[in-house]
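Asker: Following this message is one structure expressed as structure tokens.
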Amino acid sequence: MSAGYSVRDAVTPVTAQDVRPALDAVDRRILTALSADARLPNNALAERVGVAPSTCLARVRALRQRGVIRGYSADVDPAALGRPLQAMIAVRLQSGARGHLSRFATRMASLPEVLDVYFLGGADDFLVHVAARGSDDMRDFVVHHLSTDPDVAMTETHLIFDHARGAFGRDAALL
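Listed below in structure tokens is the structure:
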């Protein structure tokens, strides 16, 4: 990717910055507890972490302000919303489309079938996580939103059969 082109406005950048030195044991316990249950009330979180509620609240606010805690969300099963078929679609853009990276990421993220859009290093430019009602809808998504896009050089669709969450965020040893 040449200088001057960025998808930072469209996707959350992943940096190599290591925030561990800035996190003490209390911060790590807070992050571990919130990773397991982001709905914990402050009093319960403080008790679990072993600090006063006022200290806990101040620590959580500081973690949010520093960008360590980026937000809270519900982990909703797409199948419960009528979209049981998921896929990861690798997308490679035309070499002349590098100036359209941000536009592509923004457009993909705005589509109702799209769960996540990842900007990659390597042979592929993007990985698009999609949930569809079935194989016909998945095919239609690829045809109508990717194959017809003149900026797209290639796609490769990988169906997801099952998913297991990793321990990161739930295991204090990893924080």
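Just add 36 to wherever you are in the sequence shown, counting from 1, and you've got my numbering.
Using N, Cα and C, we set each Cβ at its ideal position, and we do this for glycine too.
All figures in this text were calculated on a predicted structure; none of them were measured in a lab.
If I measure Cβ to Cβ from D176 and keep anything under 7 Å in the same chain, skipping five residues before and after, which residues do I get?
Answerer: Cβ within range, chain order: n/a, list empty.
Asker: Select from T191, G170, V188 the residue whose C-alpha is nearest the C-alpha of Q214.
Answerer: The question about residue 214 has no answer, for the chain in this structure spans 37 to 211.
Asker: I believe Y154 touches L163 by the beta-carbon criterion, under 8 Å. Please report the beta-carbon distance rounded to the nearest angstrom.
Answerer: Going by Cβ atoms, the distance from Y154 to L163 rounds to 4 Å, so yes, they are a contact pair.
Asker: So which of E149, L137, D152 has the shortest CA-CA distance to A189?
Answerer: Taking only the C-alpha atoms, the option nearest A189 is L137.
Asker: With which residues is F162 paired in a DSSP beta bridge?
Answerer: V127, F155, per the DSSP bridge assignment.
Asker: Might you give, ordered along the chain, the residues of its own chain that have their beta carbon closer than 8 Å to the beta carbon of V178, omitting 5 neighbours on each side?
Answerer: Counting only Cβ-Cβ distances below 8 Å, and skipping sequence neighbours, we find I125, T191, T193.
Asker: Note down the Cα distance separating A203 from R119, rounded to an integer number of angstroms.
Answerer: One C-alpha to the other measures close to 26 Å.
Asker: Give the straight-line distance between the Cα atoms of A94 and G86, rounded to the nearest whole angstrom.
Answerer: The straight-line gap from Cα to Cα measures roughly 14 Å.
Asker: From E149 to A200, what distance separates their C-alpha atoms?
Answerer: If you take the alpha carbons of E149 and A200, they lie about 21 Å apart.
Asker: Mapping the DSSP letters down to three states, classify V178 as helix, strand or coil.
Answerer: Correct three-state label for V178: helix.
Asker: Where does the unbroken alpha helix (DSSP H) through L192 begin, and where does it stop?
Answerer: According to the sequence provided, residue 192 is Glu. The question's Leu does not apply to it. From DSSP, E192 is part of no alpha helix (DSSP H) but of the beta strand (DSSP E) over 188-196.
Asker: Rounded to a whole number of angstroms, what is the C-alpha to C-alpha distance between R97 and R65?
Answerer: The alpha-carbon atoms of R97 and R65 are separated by roughly 15 Å.
Asker: Give me the Cα-Cα distance between P212 and M144, rounded to the nearest whole angstrom.
Answerer: Past the boundaries of the shown model lies residue 212; the chain is included only from 37 to 211, so the question cannot be answered.
Asker: So what does A168 bridge to, in DSSP terms?
Answerer: In DSSP, A168 forms a bridge with L121.
Asker: Buried or exposed: H180, going by 16 or more other Cβ atoms within 10 Å of its Cβ?
Answerer: With fewer than 16 Cβ atoms within 10 Å of its Cβ, H180 is classed as exposed.
Asker: Which term fits A61, buried or exposed, when burial requires 16 or more other beta carbons within 10 angstroms of its beta carbon?
Answerer: Classification of A61: exposed, given that the 10 Å Cβ count is below 16.
Asker: Determine the DSSP secondary structure at G202, reduced to helix, strand or coil.
Answerer: Here G202 sits in coil by DSSP.
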